[in-house]
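See structure below.
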Amino acid sequence: MKNISKRSLNSTTRYNIMLFLVLVAFVVLFTLMNPKFIAKYNIFLIFRQNLPIMIIACALTFVVTSGSIDLSVGGVMALSAITYAALCVKGVNPWWAIGLVALLGVVIGIINTILIEKLEIPAFMATIAGWLIYGGLAYTVCGGPNPIAKPEMQVITILDDKATYVGPFPLALVIVVVVVAIFIFLEKKTILGKYAIAIGGNYNAAYFSGINVIKMRAIFYVLCSVMAALSGVWQVARLSTADPRCIGLGAEFAALSACIVGGANIKGGQGSIIGAVLGVLLLAVLPNGVQLMKSALPVWLQWLKSPFLPQVITGIVLLIVVFINYIIGRGKHYE
Amino acid sequence: MSEQTQNTSRRPVLKFSANGVQNLAMFGILVLIWIIGSILFPAIFNTWENIRNILVSSTSVIITASAITLVLITGNLDLSVAGVGAMSGVLFGLFTIAGLPVWLAAIAAMLCGAVSGFLNGFIISRFKQPSFIISLVFKYFTAGIALIASNGQSIASGMPGNVKNIALTISGLPLPIVYAVVISLIFLFIQNNTVFASQAYAIGANIKTARFSGINTVKVITSVFTLSGILAAFTGIIIVSRFSVADCSMLPGLETDCIIAAVLGGTDINGGRGTVLGMIIGALILFTITQIMNFLNVAIYDQNIVKGVVLILAILVNDTIRKKIKV
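Just so you know, the sequences run in chain order A and B. Just remember that this note's numbering sits 89 ahead of the position in the first sequence, which is counted from 1. Just remember that this note's numbering sits 559 ahead of the position in the second sequence, which is counted from 1.
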C-alpha cells in the first residue's frame, strides 16, 4: 500500500514535471546569462517561429501514441501554403481560402488512412511517399521553384503583423494557447486520448475490445494533416511569401523530435500533448538561448554560435532523452 | 521420402525461390521500362553515352544501398546516410585543402563515416532503442557538422586538382561504375555466402529468437550500420570528386532513394527479407525512369511525385507477388 501511495503520479505526469523543471532551469540559466532572453520580444518571437511545429506536434502526438507515424506533414505544409497563395492570387477571399486549404488537409488525411489502413502499406513508407508527392505537387501548383509573393495574398498577413494583439497578447500566443487547449480537451475529456494509447499499446487487444481502430486512426491522420495545412497558411502569413523550397522543410522530423522529447513512444502506447508542447518549447528555447549567450561563451565554445546549431542541439537533446528513458525504464517494451 | 524420389524421377524443372520470382518480376519491369524508353527515344536511348549516364547517376544509390539493404534486412532503418555523406564529403574537401594527400583525406573522411555508423548501430543494438530515432539523431548530428564545417556554403575553390582522380573516366569507363560493381559484388557475396548475412536475416525475422539462439545481435547490427556509414561516406567522397565541389546539402534525399531502391527490389521494411540483387534492379528501375523523365523535360520536382507513386506501387506489387505466388 505504501508503495502505491508513494507512486501516486503516473509515469507520464512525472516525466512531464521533470521536463517542465528542465525547461524552467534553462530559461533561468539563459536569463542570467543575458536578460534580453526573457524580454517580451524574444518570447513572442519564439512563439511566432514555432507555432507550426507546435500545432503539428500536438496532432502528431495522437498519431505516434496510436503506434503509427506521419512523415508527410512537411509536404502537406508546403502544398497547402502554395495552394493558399495561389487561391488568394486567383481572387478567392482569404478566409474562404483557409477553409479550402483545411479541406485539402482532410482529403490528404483520408488518403493517408486508405494507404496505411486499407492497403496495409507500412505507415513509414506510405507517408514518405506522401511527402515526396505533396512536396512535388507544391512546386507544380507554384509553377516552378520561384515563390509566390503577390500583394493579393497578403490580406491575411494581418494575422502575423507584429502589431496584431489580442488584448496584451500577440496573436501567435493566443492561437497556440487555443489550439493546445483544444487538443488537451480532446485528449483528456474525449475518448481520443485513451483510445490512442489503447491502440498503440496493443493493436489487437484494442481491435478485439471493440474499438473501431481504423476510424480512430483516420481521425488522427486527418487532425494531423489539417494542422499541417493550417500551419502552412501561418507560414505564408509570417513570411508573406509562399516559397515551395523552404516552407515545411524538415517540419516532419522537427515535430516528431518534439513528440519524442515530450515522452511519446515511437512504438506507440505512451505520449501526452503537454509533453509534446514542452518538447517543442525545449527544442525552441535551447538554440535561441545559446545564440543570445554571445559574450558569455569561452573561446573553445565559440562554435556554439554557429547559425547552424539548432540541428545539432535537437540531436543532442533527442539522444539525452532516449538515454534518460532507457535509464528510468520508460518505454521498456521497445523491440 | 517417396515424394522426394518421385520428384527426382521427374523431369528437372527450373525452380525459383520467392526472391527469385520477385527479382525476375522486377527485372521484367526494368526491361519493360527500357523498351518504353527505346520506343520514345529510338535515337539516343540505347547509346553507350545514355547507358553510362544512367549507370553513373545510379552509383551513389547502388553503393550506399548495398549496405542499407543489409540494414533493412536486420529490421532497422538508417535515415542518417544523406547526412553522413554530406559530412564526409565536406570533411574530405577540407582535409585536402588542409594539405593531406587525397588518398589519406579519403580514408580519414571514411573513418568519420565509420565512427558515425558505429555509434549509431551500437546505441541501437546495445540499448535496444528504435533505429528510427537514433538514426534521426545521427542525421541531425552529421548534417549539422557538415553545415558548421562548411559554414553553410559550398567549398569550390582551394581543393587540389588531383581530387578528381577518385572519379576519373578511364578509357570511357567512369571509375564510379567500377566502384559500384565491385561493392555490389562484394555485398552479393556477403549476402549469399556468409554466416554474417544469415544472422542478419535471423535478426530481422525475430530479434528475440535470434538472441536466444546465440547470435551476437549487438555485433551484427553494429557492423551493418558501420558498413552503411563507410559506404555513405564513400558516396559523399565520390560526389565531391566528380564535381570538385563540397556542398553541405549534396546528396539530398539519399536515404529515401536508397529505401525506395531496396523496397523496389523486394526488401521488407520490417526486416527479414530482401536481396542485394533486387536492390540493384530497383535502383536501375528508379534511375531509368528518372532518365526518361529527364528526356521528356519533366521538371525535377515533378519527378518527386513520380518517385512517390512508384514507391507506393512497388510496395503494392511486392505484397501481391508475395501473397498470390506461392513458391
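All C-beta atoms, glycine included, are put in the ideal place defined by N, C-alpha and C.
Secondary structure at A805(B): strand, using DSSP grouped into helix, strand and coil. The beta carbon of S395(A) falls within 7 Å of a beta carbon belonging to chain B, placing the residue at that interface.
For V181(A), no alpha helix (DSSP H) run applies, since DSSP gives it neither H nor E. Counting only the Cα atoms, G256(A) lies some 45 Å from G642(B). Secondary structure note for A715(B): it is in no alpha helix (DSSP H), with a DSSP letter that is neither H nor E. N609(B) does not reach chain A, its nearest Cβ partner there being about 25 Å away, counting only Cβ pairs nearer than 9 Å. In this chain, the alpha helix (DSSP H) harbouring D816(B) covers 813–823. If you draw a 10 Å sphere on the C-beta of F604(B), you find 16 or more other C-beta atoms in it, and that means buried. Between the alpha carbons of G837(B) and C807(B) lies a distance of about 31 Å.
Counted as a single uninterrupted DSSP element, the alpha helix (DSSP H) harbouring S694(B) occupies residues 690–709. For a Cβ distance threshold of 8 Å, nothing in chain B lies close to M382(A): the least Cβ distance comes to about 17 Å. In the structure shown, V311(A) falls within a helical segment according to DSSP collapsed to helix, strand and coil.
The three-state secondary structure of V379(A), taken from DSSP, is helix. The DSSP assignment places 212–231 as complete runs of the alpha helix (DSSP H) inside the segment 193–244 of chain A, in order along the chain (cut-off: 4 residues). The DSSP assignment places complete alpha helix (DSSP H) segments of no fewer than 4 residues inside the segment 744–797 of chain B at 754–764, 766–771, in order along the chain. At least 7 Å separates the CB of T202(A) from every CB of chain B. Within the same chain, and ignoring the five residues on either side of F272(A) in sequence, the residues whose Cβ sits closer than 6 Å to its Cβ are C147, I362. Residue contact check for V696(B) against chain A: a CB pair falls below 7 Å. Nearest in C-alpha terms to K882(B), of all of G825(B), I859(B), N856(B), N863(B), is G825(B). Residue pairing for I595(B): DSSP places it in no beta bridge.
Under a criterion of Cβ atoms nearer than 8 Å, the residues of chain B adjacent to K356(A) are, in order, P689.
DSSP places I271(A) in the uninterrupted alpha helix (DSSP H) bounded by 260–278. Listed in chain order, the non-local C-beta contacts of R770(B) below 6 Å within the same chain comprise T776, local neighbours out to five positions each way being set aside. For T229(A), a Cβ of chain B is located within less than 7 Å of the residue's own Cβ.
Where P387(A) is concerned, there is no enclosing alpha helix (DSSP H), because DSSP gives it neither an H nor an E.
Within 10 angstroms of the beta-carbon of L370(A) lie 16 or more other beta-carbons, which makes it buried.
Using a CB distance below 9 Å, the part of the segment 801–823 of chain B facing chain A consists of C807, G812, T815, I818, I819, V822, ordered along the chain.
If you check the CB distance, T794(B) and T623(B) come in under 7 Å.
Contacts with chain B at 7 Å (Cβ-Cβ) do not include T154(A). Per DSSP, F133(A) is one residue of the alpha helix (DSSP H) stretching across 129–154. Among the bridge pairs identified by DSSP, Y254(A) is matched with P259(A).
Counting other Cβ atoms within 10 Å of its Cβ, F691(B) reaches 16 or more and is therefore classed as buried.
Against chain A, a Cβ distance below 9 Å from G711(B) picks out S395, P396, F397. Listed in chain order, the non-local C-beta contacts of V857(B) below 8 Å within the same chain comprise V865, local neighbours out to five positions each way being set aside. In terms of CA proximity to R137(A), V325(A) leads the group M382(A), V325(A), G418(A).
Residues of the segment 835–868 of chain B that bring their beta carbon within less than 9 Å of a beta carbon in chain A comprise A858, I859, Y860, D861, Q862, N863, I864, V865, K866, G867, V868, in sequence order.
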